[in-house]
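Q: Numbering (the working numbering), first residue to last: 176 to 348. Cβ coordinates follow ideal geometry from the N, Cα and C atoms, glycine included. Since the structure is predicted, the reported quantities are computational estimates derived from the model, not experimental observations.
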Amino acid sequence: MALFDRRSLPADARASLARWLAEEGLRGTPRVLAWAATPDGVLVALPDRLAIGDHDGWSSVPWHEVHGATWSDDGASFTWRTVADPRRSRTLAVTAPGRLPEVVRERVEQTFVVRRPVELAPGRGATVSGRRPADGAGELTWHLTPARGVSLADPALAEAARGVLERVRREWG
176 MALFDRRSLP ADARASLARW LAEEGLRGTP RVLAWAATPD GVLVALPDRL AIGDHDGWSS
236 VPWHEVHGAT WSDDGASFTW RTVADPRRSR TLAVTAPGRL PEVVRERVEQ TFVVRRPVEL
296 APGRGATVSG RRPADGAGEL TWHLTPARGV SLADPALAEA ARGVLERVRR EWG
């Protein structure tokens, strides 16, 4: 009998996660898709969100609010950014990530309904995306992400961005 089964989240972490989810209004037993230990707790992929448990408690990010996620080449660290603050990244060290990288990629990607490169001005691009929560319910949430080196602080580019975003939104109803 193994002392530590990597396939299932430890019982104390699962119970703590279930309590926290219930406090957040999400009842039932958490369905853990994959997980990895961190120095301060665990990183858990659930069907609808990424949950982070540490000494401060739990937090989570719904998959459709993850702007980007990457893993170090050796799989020892995980970095992600949110739609709300795409310029700020958060990084956690992880041990034995197992299937977590694959599950994170799959869950984030499945929220994209539309992803279209657009031109705001000659040589100045962006990407318009429409995303839906992982359960497929709800309205599309629209975002425009400027390409590297493109600043929406430029009033002309900001105006072009608003127009392009609105045009793509109308096309998709």
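Within the continuous alpha helix (DSSP H) that includes E240, where are the two ends?
A: Counting along the chain, E240 falls outside any alpha helix (DSSP H), and DSSP gives it neither H nor E.
Q: Restricting to runs no shorter than 4 residues, where is the alpha helix (DSSP H) found entirely within the stretch 247-295?
A: 275-285
Q: Going by beta carbon distance, what residues of the same chain come within less than 7 angstroms of P222, once the five residues before and after it are set aside?
A: If we look at P222 and ignore the five residues flanking it on each side, its Cβ neighbours are R206, L208 and A309.
Q: Please return the same chain residues whose Cβ sits closer than 7 angstroms to the Cβ of R290, not counting the five positions on each side in sequence.
A: Here R290 has T302 and S304 as same chain residues with Cβ atoms under 7 angstroms from its own Cβ, once five neighbours each way along the sequence are excluded.
Q: Tell me the DSSP bridge mates of G216?
A: T213
Q: Less than 7 angstroms between the beta carbons of F287 and L267, yes or no?
A: Taking C-beta atoms as the reference points, F287 and L267 fail to come closer than 7 angstroms.
Q: For R299, which three-state DSSP category applies?
A: strand
Q: Touch check for the stretch 209-216 and the stretch 274-282: three-plus C-beta pairs under 8 angstroms?
A: yes
Q: Within 10 angstroms of the Cβ of P297, are there 16 or more other Cβ atoms? Answer buried if so, exposed if not.
A: exposed
Q: Considering W195, what are the terminal residues of the alpha helix (DSSP H) in which it resides?
A: Residues A186 to E198.
Q: Under a three-way DSSP split, which group does A312 fall into?
A: In the structure shown, A312 sits in coil (DSSP, three-state: anything other than H, G, I, E or B).
Q: Using 8 angstroms as the cut-off, can you tell me whether the stretch 185-194 makes contact with the stretch 244-252, which would need three or more C-beta pairs spanning the two stretches below that distance?
A: no
Q: Confirm, please, whether the CB-CB distance from W347 to V283 is below 7 angstroms.
A: No, Cβ-Cβ distance for V283 and W347 is not below 7 angstroms.
Q: Give the secondary structure of L225 by DSSP, where H, G and I count as helix, E and B as strand, and everything else as coil.
A: strand
Q: Tell whether a beta-carbon distance below 7 angstroms holds between A226 and V279.
A: no
Q: Find the nearest neighbour of D311 within the set E334, T320, G324 and Q285, judged by alpha-carbon distance.
A: The sequence shown places Gly at residue 311, rather than the Asp named in the question. Ranking the options by Cα distance to G311, first place goes to Q285.
Q: Using the Cα positions of S191 and V269, report the straight-line distance between them to the nearest angstrom.
A: Cα to Cα, the separation comes out at about 19 angstroms.
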